[in-house]
Every structure is written in structure tokens, then in C-alpha cells.
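A.B. asks: According to the working numbering, the sequence shown is numbered sequentially starting from 5. The following block contains the structure, expressed as C-alpha cells.
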Amino acid sequence: MAEDFFDQVRNWCLQLPGAAVSFPFGPDTEVFKVVGKIFAFSRLLNGKPMVVLKALPEEIPQLIRQYQPHITPGWHVNKKHWITVCDGIAAATLTELITDSYIAVVAKLPKKNQPVNPHTFITDLANDTF
């Protein structure tokens, strides 16, 4: 079951333009970056699979309320900007949260370094034009 969760995270993250995986924290933690900036990392936590994702601070309390116990404040990161998503959340919700994390990071990059337009990426993704 953990491998299915990690496969889903890995497969979706690596489909995003400019995304790359690395292991700077050791072989048990997959770190996904865009232009050198982390937008996700996954590992086992207390034997359970999880992924830490960037989120908009104003959305975090609602996400936690709506998806408890599958979403909690970020693990070992700034809880104002990050959430932890555990296995058991719907696949569509997980991919949406990963995409939102990616867009949040891309939006903070200098325009010349952005692999996609963060303002139109969701539409481009839906139309398969990215």
C-alpha cells in the first residue's frame, strides 16, 4: 500500500514540467524540486507513507479541517506554508494538492526561470497544452 502511494506521488510530480527528484536527506526521502526549489518530499513517518507539500497559508486551516486525519500541519517544516498529506486521501485530491504545491513554488520563481505560467497552468493542464 505504501508503494502505491509513493508511486502515485512520484509519477505525478515527475509529470510536472521541469520537475526533478533527488535524495539530499538520504535514500528514504524522495525530494521533488522545480528549478532547484522543493515543492514536495515523501517518506515513511512512523511506518506510514506521507508527502509534505507547499500550500497557501490562508488555505491550510480549511484543508486540515476538511481532510482530517489525512492532512496535518507540515512535518519538520514551517507549518504556516506546508502540509503533510498521508495515505488514504483520494487520488484526485492528492494530485490536485501536488499541483497546487508546484504552482505555489513556480509562482515565486523569477519569470525567466518559470517552466510554466503559474496563472494559466491549471487550464493548460486540463486542456493538455502544457
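By construction, the Cβ of each residue, glycine as well, lies at the ideal position given by its N, Cα and C atoms.
1. At which residue ranges does the segment 5–62 contain complete beta strand (DSSP E) runs of 3 or more residues, listed in the order of the chain?
2. Between K52, N15, H123, which lies nearest to A44 when the distance is taken from Cα to Cα?
3. If you reduce the DSSP assignment to three classes, tell me which class V120 lands in.
4. Shortest alpha-carbon distance to G78 belongs to which of P61, G51, P31?
5. With a Cβ-Cβ cutoff of 9 Å, do V55 and V109 count as a contact?
6. Output yes or no for whether 9 Å exceeds the beta carbon distance between V13 and P119.
7. Keeping to the same chain, check which residues put their C-beta closer than 7 Å to that of K84; ignore five residues upstream and five downstream.
C.D. replies: The structure says:
1. Scanning the segment 5–62 for uninterrupted beta strand (DSSP E) segments of 3 residues or longer gives 23–26, 34–38, 41–49, 52–58, listed from N- to C-terminal end.
2. Per the Cα distances, N15.
3. Three-state DSSP puts V120 in coil, outside helix and strand.
4. Here the closest residue by C-alpha is P61.
5. Result no, Cβ atoms of V55 and V109 do not sit closer than 9 Å.
6. Not in contact: V13 and P119 (Cβ atoms no closer than 9 Å).
7. Cβ neighbours of K84 beyond the five flanking positions: P61.
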